[in-house]
DNA sequence: TCCTAAATAGAAATGAATTCGTTTTAGAAT
DNA sequence: ATTCTAAAACGAATTCATTTCTATTTAGGA
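Protein chains in written order, with the numbering used here: chain A, 230 to 373; chain B, 230 to 373.
Here it is as structure tokens:
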């Protein structure tokens, strides 16, 4: 279990520090997404010295390297989720209980309908946004 | 032109105040998304008294009623865009020049490919997130 | 066991966004 | 045209999630 996470970190080129591992374990033990502060409060019980910036930094780095997933929330806070699904997919996140359900990549309207029927939940809104650099910027050598 | 916006506001059940109209006009005059503060700075030249909270409030209300579109940005700032496309669609937003291109709703992978080829740009990442309430929350009467 | 780049602490700063009590105003009613 | 009232705006002050900074510690290769 734990060694598996050590390996995941090594593969991502990150040192397997106790605190980094603990953050990963804590997320792994949750079935929902969590905020940096929540994880910090939970982990402070185990580490007498643990800075909140350390939690922020690690979560961001872990998300950056693809080990965990960042959740975009309407309240504009940061949340993270440990998703084991290695296939390309998307998420149905519950704004109420924070549960995360995997959604295969497909037509978004049909997707919303299927998710609603399969989960018994209600899709209130969706975010679909492609980020990148447009053609004219690419040609003008604007920052990537 | 302007009367068209007055009508749009009335239809949304909002008073057509000069400042609200000006905010809408300012967004309409842009071919890209803008931040509340940018719009505020631009409009302060025309109104000796214009509070930044007023801009924030109006943009949020206009987005809420569907008159304008909120852009979700990796830098976590708020941006808004005046989109005239009434059909259901999504957006390809350029992180560099802020240009917004409409994207029809379809399979997201194929979509990214089509957008890249048609725009000559580069899709670096995408956000696809369904927000809502899951089945168990619905059944337990959790907040919508 | 060294050594060094990476990681952490923790106080302080940041700054986008919001709150709040007051004042003003759009637009319906008269 | 005038009155009235709920909606809108003001703007200083505040909030608070997130980040920065410099000194200190540590993981893990040599």
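All residues carry an ideal CB built from backbone N, CA and C; glycine is no exception.
The C-beta distance from residue 275 (chain A) to residue 251 (chain A) rounds to 6 Å, short enough to meet the 8 Å contact threshold.
For residue 337 (chain A), the enclosing alpha helix (DSSP H) has its first and last residue at 337-348. Excluding its 5 nearest sequence neighbours in each direction, residue 310 (chain A) has C-beta neighbours in its own chain below 6 Å: 262, 298, 300, 329, listed in chain order.
The beta carbon of residue 323 (chain A) falls within 8 Å of a beta carbon belonging to chain B, placing the residue at that interface.
For residue 356 (chain B), the CB contacts under 7 Å within the same chain, skipping 5 residues up- and downstream, are 301 in chain order.
Taking C-beta atoms under 8 Å as the contact rule, residue 331 (chain A) and residue 304 (chain A) fail to qualify, at a distance of about 23 Å.
Listed along chain B, no residue sits closer than 8 Å to residue 312 (chain A) by beta-carbon distance, the nearest being about 13 Å off.
Contact between residue 363 (chain B) and residue 323 (chain A) holds: their C-beta atoms lie close to 4 Å from each other, under 8 Å.
Separation of residue 306 (chain A) and residue 264 (chain A) (C-alpha to C-alpha, rounded to the nearest whole angstrom) is 8 Å. Residue 365 (chain A) belongs to the set of residues whose beta carbon lies under 8 Å from a beta carbon in chain B. In this structure, residue 353 (chain A) lies away from residue 291 (chain A), with their beta-carbon atoms at least 8 Å apart. Along the segment 279-302 of chain A, going in chain order, the ones with a CB nearer than 9 Å to a CB of chain B are 300, 301, 302. If you look at residue 283 (chain B), you'll find it in the alpha helix (DSSP H) that goes 281-293. DSSP places residue 354 (chain A) within a strand segment (E or B) once states are collapsed to three. Cα atoms of residue 267 (chain A) and residue 319 (chain A): separation of roughly 24 Å, rounded to the nearest angstrom. Burial is judged here by how many other beta carbons sit within 10 angstroms of a residue's own beta carbon; residue 369 (chain A) has fewer than 16 and is exposed.
When beta bridges are read from the DSSP output, residue 328 (chain A) appears opposite A:261. The shortest CA-to-CA distance from residue 294 (chain B) to any of B:238, B:234, B:358 is the one to B:238. Within chain A, the residues placing a beta-carbon under 9 Å from that of residue 326 (chain B) are 362, 363, 365, 366, 369, 371, ordered along the chain. CA-to-CA, the gap between residue 235 (chain B) and residue 282 (chain B) works out to about 22 Å.
Bounds of the alpha helix (DSSP H) holding residue 366 (chain B) are 364-368. Among the residues of chain B, those whose CB is under 7 Å from the CB of residue 351 (chain A) are 361, 362, 367, following chain order. Identification of chain B residues near residue 305 (chain A) by a Cβ-Cβ cut-off of 9 Å yields 305, 307, ordered along the chain. When DSSP states are grouped into helix, strand and coil, residue 313 (chain B) belongs to the coil group. Less than 8 Å separates the beta-carbon of residue 279 (chain A) from that of residue 248 (chain A). The Cβ atoms of residue 255 (chain B) and residue 271 (chain B) sit closer than 8 Å to each other. Using beta-carbon distances, residue 332 (chain A) counts as an interface residue toward chain B, with a partner under 8 Å. The beta-carbon distance between residue 359 (chain A) and residue 341 (chain B), rounded to whole angstroms, is 6 Å. This is short enough to meet the 8 Å contact definition. It is roughly 32 Å from the alpha-carbon of residue 361 (chain B) to the alpha-carbon of residue 273 (chain A).
Among the residues of chain B, none has a CB under 9 Å from the CB of residue 242 (chain A); the nearest is roughly 20 Å distant.
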